[in-house]
Amino acid sequence: MAAKSTLSEEEFSCPVCCDIFRAPVILSCSHSVCKTCLQKFWELKGFRECPLCWRRSSKSDPPCNCVLKNLCKVFLESQRQRVSAGSEVLCSLHNEKLKVFCLEDKQPMYVVCQSSKKHKNHDCCPVDKAVCDFKNKLKTSLGPLQQNLKALEEVKQTCDETAAHIKVKHYSELFYIASCISRVHHTPNEPEKVSAALINVAKHFSNLKFRVWENIQKTLQYTPVTLDPNTAHPHLHLSDDLTTAERRPQTSLLPDNPERFEVYPCVLGSEGFNSGTHCWDVDVGGSEYWALGVIRESESRKGSSVWSSVWSLCYSKSSDEYWISCPGQADHVLTPTEKLQRVRVQLDCEWGKVAFTDLITSTHLHMITHTFTNRIFPLFFNYSSPLRILPAKISVTTKTLNTVELNGALLLPVCLHKGLWGQR
């Protein structure tokens, strides 16, 4: 018992409520907490972990710490015995129990000391009330700390998810580079031997230019606008070539960066414009609810106020309507003669114009006029089947050099001009 009496009250105090343990339970990390305090702590955190070392607990109902429970009973009993035996701290002047607490000097005292010169005119209260007040203040201070801790845990989780996403992307790029290096270092097979003479080369010359142009046209595709995956809503799935956006019911695990749309299933073009004339064609035939247009770069992507800076052509199958949406203006309903399948969006930054054209019938649908002071980006909204940005047509010019005869063989070189441009 002598050894037990040397133990302080802190050794029998719960780390959560700072009071003597009530029904203590022991966690897998060997720390003990009041059962009620642990349940409240787990409900606040949302997952099971130790309040002291933050180690995850594998048990939803930890066992009772019977040894600590019995020690607490012995400690409380020894306290009661010391009080009854007069072993508690007494006033050094009056040899009486300390029943009053001075709020200014922050110390307990005997009732008579309240009228002494040292404590005269000081605010005082009973010791029990002071203890209760200090415990309440401690609990009140603990609340914001726990909220800050929860917020830090959420930030840490977001950072971990972002790091994992970057790591996966980094590995995929490394694998791609490794495969490219492997192809470069791959030793080709022995070339086939050329036949005896190129006798029949001349008769194929008439079709050579056509075949060269046809093969180049099949190989090359130019898309004036590509989609920016960092802005895509989590429900939008983008194709590998970043030209198609399709809404899917399942949410992709993506970092919540400031550029990403939060409410509406939208995605922006990868390049913004503040000068020049630009044009892009979009296949909208399969979508039941879509919008095409432009948006200010400075507009926030979070919340429902996105459309306050969007100039767009919209369509809804449920109402079977096309309309023009502009900030601060009433919607303007359009009545095209046929359902739109492909739409061309033309942007003129200098003149502040955005025009929409039916690409199938070459019919002008509407023109928006506005002075754009900031850089603007192409915007694509899709709530159903894929929207696809169409590749522009390629024009290739060729120039044939003079033929040269070398060692009896007729050589027919073809030179391609460097000029390659998209036809609108």
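According to full-length UniProt numbering, the sequence shown holds residues 1 to 424 in order.
We treat Cβ as the ideally placed atom computed from N, Cα and C, and that holds for glycine.
Discussion item. What residue range does the beta strand (DSSP E) around D247 cover?
Written reply: Contrary to the premise, residue 247 reads as Arg rather than Asp in this sequence. First-last of the beta strand (DSSP E) with R247: T244 to R247.
Worksheet item: Would H186 be called buried (16 or more neighbouring beta carbons within 10 Å of its own) or exposed?
Response: exposed
Worksheet item: Taking buried to mean at least 16 other C-beta atoms within 10 Å of its own C-beta, is T277 buried or exposed?
Response: exposed
Worksheet item: How is H332 classed by DSSP in three states: helix, strand or coil?
Response: strand
Worksheet entry | Best match in D19, T337, K45 and G272 for proximity to I360 [C-alpha to C-alpha] | T337
Worksheet entry | Residue span of the beta strand (DSSP E) that contains W311, given as start and end | V310 to S316
Worksheet item: Are the segment 325-337 and the segment 376-392 in contact at 8 Å, needing three or more beta carbon pairs?
Response: no
Practice prompt. Report yes or no: do the segment 252-264 and the segment 281-288 share at least 3 C-beta pairs separated by less than 8 Å?
Written response: no
Practice prompt. My understanding is that S60 touches L27, with C-beta atoms under 8 Å, so please give their C-beta distance in whole angstroms.
Written response: Between L27 and S60 the Cβ distance is about 11 Å, and since that is not below 8 Å, they are no contact.
Practice prompt. Compare the beta carbon distance of T158 and L387 with 8 Å and say whether it is the shorter of the two.
Written response: no
Worksheet item: Looking only at its own chain, which residues have a Cβ that is under 6 Å from the Cβ of Y315, when we skip the five neighbours before and after it?
Response: W290 and Y322
Practice prompt. At 3 residues or longer, and completely inside the segment 255-287: list those beta strand (DSSP E) runs for me, N to C.
Written response: 266-268 and 277-283
Worksheet item: Thinking C-alpha only, which one of V306, S182, I324 and V16 is nearest T140?
Response: V16
Worksheet item: On the premise that V310 lies in contact with G269, defined as a C-beta separation below 8 Å, what is that separation, rounded to the nearest angstrom?
Response: In fact, because the Cβ distance is near 13 Å, the residues do not count as touching under 8 Å.
Discussion item. For the segment 231-246 against the segment 348-359, do three or more pairs of beta-carbon atoms, one drawn from each stretch, fall closer than 8 Å, so that the two count as touching?
Written reply: no
Worksheet entry | Boundaries of the alpha helix (DSSP H) in which V168 is found, first to last residue | V127 to H185
Worksheet item: What residue does the alpha helix (DSSP H) around W290 start on, and which one ends it?
Response: Here W290 belongs to no alpha helix (DSSP H); instead the beta strand (DSSP E) covers Y289 to R296.
Worksheet item: My guess is that F12 and L103 are in contact by the Cβ rule of under 8 Å, so how many angstroms apart are they, rounded?
Response: At roughly 28 Å, the Cβ-Cβ gap does not stay under 8 Å, so F12 and L103 are not in contact.
Discussion item. Using DSSP's beta-bridge definition, name the partner residues of L236.
Written reply: R247
Worksheet item: Run through DSSP, which three-state label would K302 get?
Response: coil
Practice prompt. State buried or exposed for W54, treating a residue as buried only when at least 16 other CB atoms are found within 10 Å of its CB.
Written response: exposed
Discussion item. My output table needs one value for residue 428: the three-state DSSP class, helix, strand or coil.
Written reply: There is simply no residue 428 to check, as the chain begins at 1 and stops at 424 in what is shown.
Discussion item. Mapping the DSSP letters down to three states, classify Q79 as helix, strand or coil.
Written reply: helix
Worksheet item: In this structure, what does DSSP give as the bridge partners for T363?
Response: D358
Worksheet item: Under three-state DSSP, which class holds W323?
Response: strand
Worksheet item: What's the C-alpha gap between H170 and E153?
Response: 25 Å
Practice prompt. Could you check what DSSP says for N402 in three-state terms: helix, strand or coil?
Written response: Residue placement at N402 cannot be trusted, given a pLDDT of 48 that sits under 50; the coordinates are not used to answer.
Worksheet item: With C-beta atoms as the reference, is A23 less than 8 Å away from C64?
Response: yes
Practice prompt. Can you tell me which of H366, E299, Y383 and P234 puts its alpha carbon nearest to the alpha carbon of S318?
Written response: Y383
Fill in: C-alpha gap between D331 and D256, whole angstroms
31 Å
Worksheet entry | Contacting residues, own chain, Cβ-Cβ under 6 Å from T165 (five flanking each side not counted) | Note that residue 165 is His in the sequence shown, not Thr. Answer for H165: P255, listed in chain order.
Fill in: Option in S32, T231 and V33 with minimal Cα separation from E297
T231
Worksheet item: Near E299, what residues of its chain come up, given a Cβ to Cβ distance below 6 Å and the 5 sequence neighbours on each side ignored?
Response: S309
Worksheet item: Hey, V100 and P126: beta-carbon distance below 8 Å or not?
Response: yes
Worksheet item: Three-state secondary structure (DSSP) at I199?
Response: Interpretation of I199 is limited by its pLDDT of 49, a score under 50 that renders its predicted location unreliable; no figure is taken from the coordinates.
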